[in-house]
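To start, the structure under review is shown below, and the notes come after it.
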Ligand SMILES: Cc1cc2nc3c(=O)[nH]c(=O)nc-3n(C[C@H](O)[C@H](O)[C@H](O)COP(=O)(O)OP(=O)(O)OC[C@H]3O[C@@H](n4cnc5c(N)ncnc54)[C@H](O)[C@@H]3O)c2cc1C
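Numbering (my numbering), first residue to last: 1 to 378.
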């Protein structure tokens, strides 16, 4: 039995995270939507508030607070800005392979700077030939003395143009069944951040392509061992990737519900607020039920992870449910707003666009079902 009640520290942290999101992130949302980038001011404020340090152990200058606290941070930031939460969530995804599989030198070299927010991270797995199937990727490496030479291209990478420490998956050019993971730096010769995407939602964060042209990487940058690449990548995505997306999805659901309650109380029809109409109440009740159920799944996964129990299957259930429910909540929120729900000055239009982008990130709903079915059948 997993006890996942919040400690007093976690409750206090939620208060602080909410205040942080409302004062340091909210003022920049409109600008971020326009530029397609997370504001530098938001990134700086996150670093100052030690949001990047949450899951990094104290011995590497982090706070060592675990997944439950991270889930709270991501949920509260997403309640205000899904885009800013995505930047933060993929930052944590980028450092997860170093935390889990890095050797002492690699941890000492990278984690303190990442904890302070002096460096930003991401993870680059997806390619045009391999999204749901990472083994379909073509990015490859060859050994050259003590170095590896990497060639290839990654697509749909969050933080592509702002991350300077990137964990990437590549396969052995001579043995395409052997995959390995490397830590690369954006200043290394042969590394380029190229195309930037214009997404339908989650516009205020940067998603783009990375290209590696004879990128020379010393052997010290290999994570774990050669041949363990898929395991390293999947371990990071299964927990940190899905867990983060779940935090974003419940934050977005909360935002949809709050905006709907506010509007329903203010909008007068037939001489009374529409919150008194039972069909409006029915939608609000459904949104609340979905949010509460999603929160239980989300924090169960986080609590399991914090207790050292494998939680990737539970996070697959949570990812499927919460991202599907976020889309449903956003659609209901738009519906409750009537015609106003089609006007850009109402945040619910952003919520609807953002909700559609949650699905593919860290694995589509179909892939979650594939994982869940495998779990059930095993
Ligand atoms: C906003 C955003 C941010 C992202 N950030 C990152 C990042 O930082 N790093 C990174 O590496 N990647 C990132 N991704 C990529 C993401 O992980 C992929 O988009 C996702 O894994 C799906 O891959 P795909 O887009 O190639 O779709 P495909 O794999 O081509 O899927 C197409 C369709 O086929 C279905 N399908 C595939 N396989 C199966 C199956 N076995 N059974 C049933 N149906 C199946 C899918 O569900 C989908 O409906 C991001 C994506 C988005 C949208």
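Backbone N, C-alpha and C define an ideal beta-carbon position, used for all residues, glycine too.
- Nearest to residue 129 by alpha-carbon distance, out of 240, 330, 139, 335, is 139.
- Residue 318: not part of any beta strand (DSSP E); member of the alpha helix (DSSP H) spanning 312 to 336, first to last residue.
- If one requires a minimum length of 4 residues, the alpha helix (DSSP H) runs lying completely within the region 219 to 258 are 229 to 236, in chain order.
- Per the C-alpha coordinates, the member of 230, 18, 320, 295 positioned closest to residue 176 is 230.
- Straight across, the Cα-Cα distance linking residue 164 with residue 225 is about 23 angstroms.
- Going by DSSP, residue 121 is part of no alpha helix (DSSP H) but of the beta strand (DSSP E) stretching over 121 to 124.
- The beta carbons of residue 203 and residue 319 sit no closer together than 8 angstroms.
- Between ligand 1 and the CB of residue 80, the shortest heavy atom gap is not smaller than 7 angstroms.
- For residue 169, the three-state secondary structure derived from DSSP is strand.
- In this model, residue 250 and residue 290 are separated by some 9 angstroms (Cα to Cα).
- According to DSSP, residue pairing for residue 280 in a beta bridge does not occur.
- In this structure, residue 366 has its CB closer than 7 angstroms to one or more heavy atoms of ligand 1.
- Closest by C-alpha distance to residue 232, out of 338, 283, 124, 264, is 124.
- Sequence-distant Cβ neighbours of residue 347 in its own chain, meaning closer than 7 angstroms and more than five residues away, are 259.
- In the DSSP annotation of this structure, the continuous segment of the alpha helix (DSSP H) that includes residue 355 starts and ends at 347 to 358.
- For residue 192, the beta-bridge partners assigned by DSSP are 211.
- The three-state reading of DSSP puts residue 39 in coil, since its state is none of H, G, I, E or B.
- For residue 138, there is no enclosing beta strand (DSSP E), as DSSP gives it neither H nor E.
- Residue 365 sits away from residue 314, with the two beta carbons spaced by 8 angstroms or more.
- The beta-bridge partner set that DSSP reports for residue 269 consists of 272.
- As a beta-bridge residue in DSSP terms, residue 217 pairs with 148.
- Taking residue 71 as the centre and dropping the five residues before and after it, the same chain places the C-beta of 243, 247, 298, 299, 302 closer than 7 angstroms to its C-beta, in chain order.
- Selection 197, 143, 115 evaluated against residue 154 yields 197 as nearest (Cα-Cα).
- According to the DSSP assignment, residue 180 belongs to the beta strand (DSSP E) that extends over 179 to 185.
- Taking 8 angstroms as the cut-off, the beta carbon of residue 109 is found no closer than this to the beta carbon of residue 236.
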